[in-house]
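**Q**
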Amino acid sequence: MGLPNITFIGVAAALGVSHMALYKHVPSLEELKRLVAEEIFSRWQIPQACSNNRDDLKEYLTLFATSVREFVRAHPGVTPYVIRRLAATPSMLAKIDGHQRHIANAYGISKEQSRILLATVAFHGLAVADTVYSVAGQEPVVDAARAAEESEMEAELDQGMQALIIGLLAVLEEGARRPETPRTNKKVPTPAKKPRAA
0 MGLPNITFIG
10 VAAALGVSHM
20 ALYKHVPSLE
30 ELKRLVAEEI
40 FSRWQIPQAC
50 SNNRDDLKEY
60 LTLFATSVRE
70 FVRAHPGVTP
80 YVIRRLAATP
90 SMLAKIDGHQ
100 RHIANAYGIS
110 KEQSRILLAT
120 VAFHGLAVAD
130 TVYSVAGQEP
140 VVDAARAAEE
150 SEMEAELDQG
160 MQALIIGLLA
170 VLEEGARRPE
180 TPRTNKKVPT
190 PAKKPRAA
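Under numbering that gives the first Met the number 0, the first residue of the sequence shown is numbered 0, with each subsequent residue one higher.
1. Rounding to the nearest angstrom, what Cα-Cα distance links N52 and L168 in this structure?
2. Specify the secondary structure class of S41 as computed by DSSP and reduced to three states.
3. Suppose you measure from the CA of F40 to the CA of V81; what does that come to, to the nearest Å?
4. Put S66 into one of helix, strand or coil per three-state DSSP.
5. Roughly how many whole angstroms lie between the Cα atoms of V187 and H123?
6. Would L171 and Q112 qualify as a contact pair, given that the criterion is a beta-carbon distance under 8 angstroms?
7. Measure the alpha-carbon distance for N104 versus M19 and round it to whole angstroms.
8. Would you mind reading off the limits of the alpha helix (DSSP H) that contains D157?
9. Excluding the 5 residues preceding and the 5 following P194 in the sequence, name in chain order all residues of the same chain whose CB lies nearer than 6 angstroms to its CB.
10. Looking at the unbroken alpha helix (DSSP H) that takes in T88, where does it start and where does it end?
11. Using a Cβ-Cβ cutoff of less than 6 angstroms, which residues in the same chain neighbour A86 once the five nearest sequence positions on both sides are dropped?
12. Where do the N-terminal and C-terminal ends of the alpha helix (DSSP H) with G107 fall, by residue?
13. With DSSP run on the structure shown, which of helix, strand or coil describes S17?
14. Rounded to whole angstroms, how far is the Cβ of A11 from the Cβ of L21, which I believe are closer than 8 angstroms?
15. So what's T6 in DSSP terms, helix, strand or just coil?
16. What three-state label does DSSP hand P79 in the structure shown?
17. Which residues in the same chain have their Cβ closer than 8 angstroms to the Cβ of K110, if we skip the five residues on either side of it in sequence?
18. In this structure, how does DSSP classify G97 when only helix, strand and coil are distinguished?
19. Given a cut-off of 8 angstroms, decide if F7 and L34 are closer than it, judged by their beta-carbon atoms.
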């Protein structure tokens with residue numbers, strides 16, 4: 000059925016209940032989709048760390064990026080429910096937080112560094128994969144041509160994710176070499192704005 004095509008009647012039929020019975024438990028179609036997205040996300044087997052060696056972090060992030068791509072491919076329409084923080088449920092946020100802690104501990108980086116790495120890879124991976132698979136699925140072409148185009152776009156997606164990962168790790172290393180300077184909350188003075196002429 001797919002998340003974009005979910006209806007109360009379709010879900011009720013799949014569950015073997017009347018759609019009116021389903022309405023008693025779920026107030027709207029949007030809430031039903033959110034609940035389904037939450038369940039899909041809870042079943043996603045996010046890959047665990049490959050090792051405890053920080054040098055293997057690039058390999059892990061590549062594996063994670065592939066997992067993100069495959070997650071989107073397997074679940075069309077789920078991206079809007081998992082990419083936006085406001086749409087995420089407490090159980091989704093807990094799973095994300097646990098994953099970030101796991102990667103921080105495994106690779107000897109801070110929780111904040113782990114959050115930045117994983118959130119950036121996930122955000123870009125979700126957004127681009129959603130575009131790749133939604134565009135490929137809409138084209139009225141024969142299956143062989145669609146498969147070839149999808150394969151080409153996947154290769155470009157993977158290449159772009161590799162560039163993103165290399166850049167993220169370079170920024171991480173650059174930050175590790177720089178001595179930490181204390182932040183102040185001083186505001187930088189700005190020139191006063193002149194009133195606009197009428």
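Ideal Cβ placement from N, Cα and C applies to all residues, glycine included.
**A** Considering the structure as presented:
1. As a first step, residue 52 must be located in the sequence shown, where it is residue number 53. As a first step, residue 168 must be located in the sequence shown, where it is residue number 169. Answer to the nearest angstrom: the Cα atoms are 14 angstroms apart.
2. Locating residue 41 in the sequence shown gives position 42, where the first residue counts as 1. Three-state DSSP puts S41 in a helix.
3. Walking along the sequence shown from the start, residue 40 turns up at place 41. Walking along the sequence shown from the start, residue 81 turns up at place 82. The C-alpha of F40 lies about 8 angstroms from the C-alpha of V81.
4. In the sequence shown, residue 66 corresponds to position 67, counting from 1. DSSP places S66 in helix when its eight states are reduced to three.
5. If you number the sequence shown from 1, residue 187 lands on position 188. If you number the sequence shown from 1, residue 123 lands on position 124. The predicted position of V187 is uncertain, since its pLDDT is 49 and thus under 50; a value taken from the coordinates is nonetheless stated next. If you draw a straight line from the Cα of V187 to the Cα of H123, it is about 32 angstroms long.
6. By one-based count along the sequence shown, residue 171 stands at place 172. By one-based count along the sequence shown, residue 112 stands at place 113. Closer than 8 angstroms, so yes.
7. Numbered from its first residue, the sequence shown carries residue 104 at position 105. Numbered from its first residue, the sequence shown carries residue 19 at position 20. Straight-line Cα distance between these residues: approximately 48 angstroms.
8. Translated into positions along the sequence shown, residue 157 becomes position 158. First-last of the alpha helix (DSSP H) with D157: D142 to R176.
9. In the sequence shown, counting from the first residue as 1, residue 194 sits at position 195. Here P194 scores only 48 on pLDDT, less than 50, and its place in the model is too uncertain to base an answer on.
10. In the sequence shown, the residue the question calls residue 88 occupies position 89. For T88, no alpha helix (DSSP H) run applies, since DSSP gives it neither H nor E.
11. One-based indexing of the sequence shown puts residue 86 at position 87. Within the same chain, A86 has close Cβ partners Y80.
12. Counting from one through the sequence shown, the residue named residue 107 turns up at place 108. From DSSP, G107 is part of no alpha helix (DSSP H); its letter is neither H nor E.
13. Stepping through the sequence shown from its first residue, residue 17 is reached at position 18. S17: coil per DSSP, three-state reduction.
14. Translated into the one-based positions of the sequence shown, residue 11 becomes position 12. Translated into the one-based positions of the sequence shown, residue 21 becomes position 22. Sure, about 5 angstroms apart at Cβ, within 8 angstroms.
15. Here residue 6 refers to the residue found at position 7 when the sequence shown is read from its first residue. Per DSSP, reduced to three states, the secondary structure at T6 is coil, with no helix or strand assignment.
16. Position 80 of the sequence shown holds residue 79. In the three-state reduction of the DSSP assignment, P79 falls in the helix class, which pools H, G and I.
17. Residue numbering aside, residue 110 sits at position 111 when the sequence shown is read from its first letter. Hits under 8 angstroms: Q99, R100 and A103.
18. Here the question's residue 97 lines up with position 98 in the sequence shown. If DSSP states are grouped into helix, strand and coil, G97 belongs with the helices.
19. The residue labelled residue 34 in the question sits at position 35 within the sequence shown. The residue labelled residue 7 in the question sits at position 8 within the sequence shown. Going by C-beta atoms, L34 is not nearer than 8 angstroms to F7.
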